[in-house]
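Comments concern the structure below.
2 protein chains.
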Amino acid sequence: MEKKLDPAKSVVLVSGGLDSITLLYYMRKLAFIKDGAPIALSIHYGQRHFREIASAAKICHSIGIEHVVIDATGAMECFMGGSQMDLSVPVPEGHYADDSMSLTVVPNRNMILLSMAIGLAISRGRGTVAYAAHAGDHPIYPDCRPEFVNALQEAANLAWYDGVHLYAPFIRDSKADIVTYGAGMGVPFQDTWSCYQGKDIHCGRCGTCIERIEAFQIAGVEDPTQYQDKEFALDTIRRSADV
Amino acid sequence: MEKKLDPAKSVVLVSGGLDSITLLYYMRKLAFIKDGAPIALSIHYGQRHFREIASAAKICHSIGIEHVVIDATGAMECFMGGSQMDLSVPVPEGHYADDSMSLTVVPNRNMILLSMAIGLAISRGRGTVAYAAHAGDHPIYPDCRPEFVNALQEAANLAWYDGVHLYAPFIRDSKADIVTYGAGMGVPFQDTWSCYQGKDIHCGRCGTCIERIEAFQIAGVEDPTQYQDKEFALDTIRRSADV
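Sequence order for the protein chains is A and B. For the first sequence, this note's numbering gives the first residue as 35, with consecutive numbering after it. For the second sequence, this note's numbering gives the first residue as 35, with consecutive numbering after it.
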């Protein structure tokens, strides 16, 4: 009953970060465009700022991809606990591996986002939902693990008359691998947004900034991103390597 | 890894219809109250009217159950196709088994609602989510089938550090069975709301009204509901039995 992958008829969950934008480029490439193009879906669930989604909108527009934005703030407000949504909680600084980063976890976020993406796919007659879970996510986000994707795939197959294919091609890749793929496809990294802070440029101090800088470093790809305090990140990465 | 059922620490999805209110009474009974009580959760996803949720609110208040309402209208608006949400589409009249009733299906609704309920359960430290899928739902709603519940259970187990137990005790029962259980527990059926129309009293002509009337009839339980046109329903039920 599992549906086959159909990139030309897919919905791609895009946050606006480099992982999901690389995935969008990848799906667009697989679709060969002439056969159709993915639809990009961003879900606003009450993130601290709109920068990521604005980045996704800009990139989608520039490559002619339809970009759907769902406002799910009402849904998430009632159980927000993470610093991503509560402006009174300061954004934790430091390496992602630190305990402090668990503050940024929204309960059951991925199942909620994927269930909406599946809903959109069904309503638009599309049989594939792609999302950019990757191996680096697993330690802190339980719902990024391959086992979770498999289980949700099974549910997605049964959730509608025709099943929906859940596709997470980066699930066993590191963020550095994704940077490598993206560089090969000409992803405009400078237009993607990772930082938890919604300032003019990336802060260089929060977990996602550090992770981003580290990924470019490992991949050996030049990082076109402007950071407020890249030295902080580099120092944190060095110290974490020493442990 | 599957969590054990804990009714005193559960979230019960309540629409305000008789199935979910009966489930709420059932979970409350299992919880023995002194050990704690379920939280009721209603999700407004853009139903044609607010009557059902208002019914849930009234009943929860009267029995001292906390009632959380999530506004998910923004999420559902973008793929609404069903007559439940689009006021320009007339509510289909007739028996649920009719093709016309597929108009009332919201794509992937149950996965979306359950994923939010799981999110609330996690954020409130509750390990059980109960919902009132029943055997009569299956023919038209694919995501009410036991296989779907099992698959989503597996995903729920993996979606968080501790798994969440998905509990659908009525999944193999008919609506008539539920009426029987409810009658035994003193469920105030007159305060529950099933009708797709949001008028003062139940219309008696839409699929849910007909199904409701039929369930009381089969259960042999007196139906305290006031209907605008019960004769239409009884006639439809008779004709459907003749086929």
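Every residue gets a Cβ at the ideal spot worked out from N, C-alpha and C, and that includes glycine.
1) Where does residue 263 (chain A) sit, in a helix, a strand or coil, going by DSSP?
2) CB-CB under 7 Å to residue 228 (chain A), same chain, minus the five flanking residues each way: which ones, in chain order?
3) To the nearest angstrom, report how far apart residue 196 (chain A) and residue 169 (chain A) are at their CA atoms.
4) For the stretch 67 to 80 of chain A against the stretch 89 to 106 of chain A, are there 3 or more C-beta pairs whose distance is under 8 Å?
5) Report the residue ranges of all beta strand (DSSP E) runs contained in full by the stretch 192 to 240 of chain B; include only those spanning at least 3 residues, in chain order.
6) Out of B:191, B:90, B:255, which has the shortest C-alpha to C-alpha gap to residue 58 (chain B)?
7) Looking only at C-alpha atoms, which of A:224, A:56, A:268 sits nearest to residue 260 (chain A)?
8) Whole angstroms is fine: what's the gap from residue 140 (chain B)'s alpha carbon to residue 148 (chain A)'s?
9) If we define contact as Cβ-Cβ less than 8 Å, is residue 61 (chain A) a contact residue for chain B?
10) With 8 Å set as the bound, which would you pick, yes or no: does the beta-carbon of residue 141 (chain B) sit closer than that to a beta-carbon of chain A?
11) Within 10 angstroms of its Cβ, does residue 61 (chain B) collect 16 or more other Cβ (buried), or is it exposed?
12) Show which residues of chain A have a CB atom less than 7 Å away from the CB atom of residue 156 (chain B).
13) Starting from residue 274 (chain A), find everything on chain B with Cβ-Cβ shorter than 9 Å and list it in chain order.
14) Would you please state the rounded distance, in angstroms, between the beta carbons of residue 258 (chain B) and residue 93 (chain B)? I believe it to be under 8 Å.
15) Mind reading off the beta-carbon distance from residue 164 (chain A) to residue 201 (chain A)? Whole number of angstroms is fine, and I expect it under 8 Å.
16) Report the partner residues of residue 75 (chain B) according to the DSSP bridge assignment.
17) Does the stretch 181 to 191 of chain B come close enough to the stretch 200 to 216 of chain A to have 3 or more Cβ pairs within less than 8 Å?
18) Along chain B, in chain order, which residues have C-beta atoms closer than 7 Å to that of residue 104 (chain A)?
19) Just reading off the alpha helix (DSSP H) that residue 88 (chain B) is part of, what are its end residues?
20) Report the option in B:160, B:194, B:215 whose CA atom is closest to the CA atom of residue 42 (chain B).
21) Chain A beta carbons: is any one of them nearer than 8 Å to that of residue 179 (chain B)?
22) If we ignore side chains and look at the alpha-carbon of each, how far apart do residue 154 (chain B) and residue 146 (chain A) end up?
23) On the CB-based measure, 16 or more other CB atoms within 10 Å of its CB, does residue 238 (chain A) come out buried or exposed?
24) Strictly under 8 Å for the Cβ-Cβ distance: is residue 219 (chain A) near chain B by that measure?
25) Helix or strand or just coil, what does DSSP make of residue 117 (chain A)?
26) If residue 214 (chain B) sits next to residue 167 (chain B), beta carbons under 8 Å apart, how far is it from one beta carbon to the other, in whole angstroms?
27) Hey, how far is the Cα of residue 138 (chain A) from the Cα of residue 74 (chain A)?
28) Looking at chain A, is there any beta carbon in it that lies within less than 8 Å of the beta carbon of residue 84 (chain B)?
29) Quick check on residue 109 (chain B): does DSSP put it in helix, strand or coil?
30) Please confirm if residue 135 (chain A) has its CB atom under 8 Å from at least one CB of chain B.
31) At a Cβ threshold of 8 Å, is residue 80 (chain A) touching chain B?
32) List, in order along the chain, the chain B residues whose C-beta lies closer than 7 Å to that of residue 189 (chain A)?
33) Under the rule that 16 or more other beta-carbon atoms within 10 Å means buried, what is residue 54 (chain A), buried or exposed?
34) Can you list, in chain order, the residues of its chain with a C-beta nearer than 8 Å to that of residue 176 (chain A)? Leave out the 5 residues immediately preceding and following it.
35) According to the neighbour-count rule (16 or more other Cβ atoms, all chains shown, within 10 Å of its Cβ), is residue 248 (chain B) buried or exposed?
To lay it out plainly:
1) Within the first sequence, residue 263 (chain A) is the residue found at index 229, counting from 1. Here residue 263 (chain A) carries a coil assignment [DSSP, helix/strand/coil].
2) As a first step, residue 228 (chain A) must be located in the first sequence, where it is residue number 194. These residues qualify, in order along the chain: 51, 52, 236, 242, 243, 246.
3) Residue numbering aside, residue 196 (chain A) sits at position 162 when the first sequence is read from its first letter. Residue numbering aside, residue 169 (chain A) sits at position 135 when the first sequence is read from its first letter. Their Cα atoms are separated by approximately 29 Å.
4) yes
5) Entirely contained in the stretch 192 to 240 of chain B, the beta strand (DSSP E) runs reaching 3 residues are, in chain order, 199 to 201.
6) Residue numbering aside, residue 58 (chain B) sits at position 24 when the second sequence is read from its first letter. With distances taken between Cα atoms, residue 58 (chain B) lies closest to B:90.
7) Walking along the first sequence from the start, residue 260 (chain A) turns up at place 226. The residue with the shortest Cα to Cα distance from residue 260 (chain A) is A:224.
8) For this step, residue 140 (chain B) is matched to residue 106 along the second sequence. For this step, residue 148 (chain A) is matched to residue 114 along the first sequence. Each residue's alpha carbon lies about 16 Å from the other.
9) Along the first sequence, one-based indexing puts residue 61 (chain A) at 27. It does not; no Cβ of chain B falls within 8 Å.
10) Counting from one through the second sequence, the residue named residue 141 (chain B) turns up at place 107. Closer than 8 Å: yes.
11) Residue numbering aside, residue 61 (chain B) sits at position 27 when the second sequence is read from its first letter. Buried, because 16 or more other Cβ atoms sit within 10 Å of the Cβ of residue 61 (chain B).
12) Here residue 156 (chain B) refers to the residue found at position 122 of the second sequence. Those are 141, 142, listed as they occur along chain A.
13) Taking the first residue of the first sequence as 1, we reach residue 274 (chain A) at position 240. Here the premise fails: no neighbours, minimum Cβ distance about 23 Å.
14) For this step, residue 258 (chain B) is matched to residue 224 along the second sequence. For this step, residue 93 (chain B) is matched to residue 59 along the second sequence. About 14 Å separates the two Cβ atoms, so there is no contact after all.
15) What you label residue 164 (chain A) is simply residue 130 of the first sequence in a count that begins at 1. What you label residue 201 (chain A) is simply residue 167 of the first sequence in a count that begins at 1. Their Cβ separation, rounded to whole angstroms, is 4 Å, which keeps residue 164 (chain A) and residue 201 (chain A) in contact under 8 Å.
16) As a first step, residue 75 (chain B) is located in the second sequence; it is residue number 41 there, counting from the start. DSSP output for residue 75 (chain B) lists B:47, B:102 as bridge partner(s).
17) no
18) Translated into positions along the first sequence, residue 104 (chain A) becomes position 70. Going along chain B in sequence order, the residues near residue 104 (chain A) (Cβ under 7 Å) are 108, 109, 112.
19) Position 54 of the second sequence holds residue 88 (chain B). Counting along the chain, the alpha helix (DSSP H) containing residue 88 (chain B) begins and ends at 85 to 96.
20) Locating residue 42 (chain B) in the second sequence gives position 8, where the first residue counts as 1. Nearest option by C-alpha distance: B:160.
21) Here residue 179 (chain B) corresponds to residue number 145 of the second sequence, with the count starting at 1. It does: the Cβ of residue 179 (chain B) has a partner Cβ on chain A nearer than 8 Å.
22) Here the question's residue 154 (chain B) lines up with position 120 in the second sequence. Here the question's residue 146 (chain A) lines up with position 112 in the first sequence. Computed Cα separation, rounded: 11 Å.
23) For the purposes of this step, residue 238 (chain A) is taken as the residue at position 204 of the first sequence. Classification for residue 238 (chain A): buried.
24) In the first sequence, counting from the first residue as 1, residue 219 (chain A) sits at position 185. The Cβ of residue 219 (chain A) sits no closer than 8 Å to any Cβ of chain B.
25) For the purposes of this step, residue 117 (chain A) is identified with residue 83 of the first sequence, where counting begins at 1. Unreliable positioning characterises residue 117 (chain A) in this predicted model, as indicated by a pLDDT of 41, which lies under 50. The coordinate reading is nonetheless provided below. Looking at residue 117 (chain A) - three-state DSSP - the assignment turns out to be coil, as it is neither helix nor strand.
26) Counted from its first residue, the second sequence places residue 214 (chain B) at position 180. Counted from its first residue, the second sequence places residue 167 (chain B) at position 133. Residue 214 (chain B) to residue 167 (chain B), Cβ: 17 Å. No contact.
27) As a working mapping, residue 138 (chain A) is identified with position 104 in the first sequence. As a working mapping, residue 74 (chain A) is identified with position 40 in the first sequence. Its pLDDT being 49, under 50, residue 138 (chain A) is placed unreliably in this model, and the value from its coordinates should be taken loosely. Roughly 24 Å between the two C-alpha positions.
28) As a working note, residue 84 (chain B) is residue 50 in the second sequence. Not one chain A Cβ lies under 8 Å of residue 84 (chain B).
29) As a first step, residue 109 (chain B) must be located in the second sequence, where it is residue number 75. Three-state DSSP puts residue 109 (chain B) in a helix.
30) As a working mapping, residue 135 (chain A) is identified with position 101 in the first sequence. Confidence is the limiting factor: at residue 135 (chain A) the pLDDT is only 41, short of 50, which leaves the residue's position unreliable, though a coordinate-based value still follows. Answer no: the Cβ-Cβ gap between residue 135 (chain A) and chain B never drops below 8 Å.
31) Counting from one through the first sequence, the residue named residue 80 (chain A) turns up at place 46. It does not: the Cβ of residue 80 (chain A) has no partner Cβ on chain B nearer than 8 Å.
32) The residue given as residue 189 (chain A) occupies position 155 in the first sequence. 145, 182, 185, 186, 189, listed in chain order.
33) The residue given as residue 54 (chain A) occupies position 20 in the first sequence. Buried, because 16 or more other Cβ atoms sit within 10 Å of the Cβ of residue 54 (chain A).
34) Numbered from 1 along the first sequence, position 142 holds the residue referred to as residue 176 (chain A). Exclusion of the five residues before and after residue 176 (chain A) leaves 182 as the residues of its chain whose Cβ lies within less than 8 Å of its Cβ.
35) For the purposes of this step, residue 248 (chain B) is taken as residue 214 along the second sequence, with counting starting at 1. By the 10 Å Cβ count, residue 248 (chain B) comes out buried.
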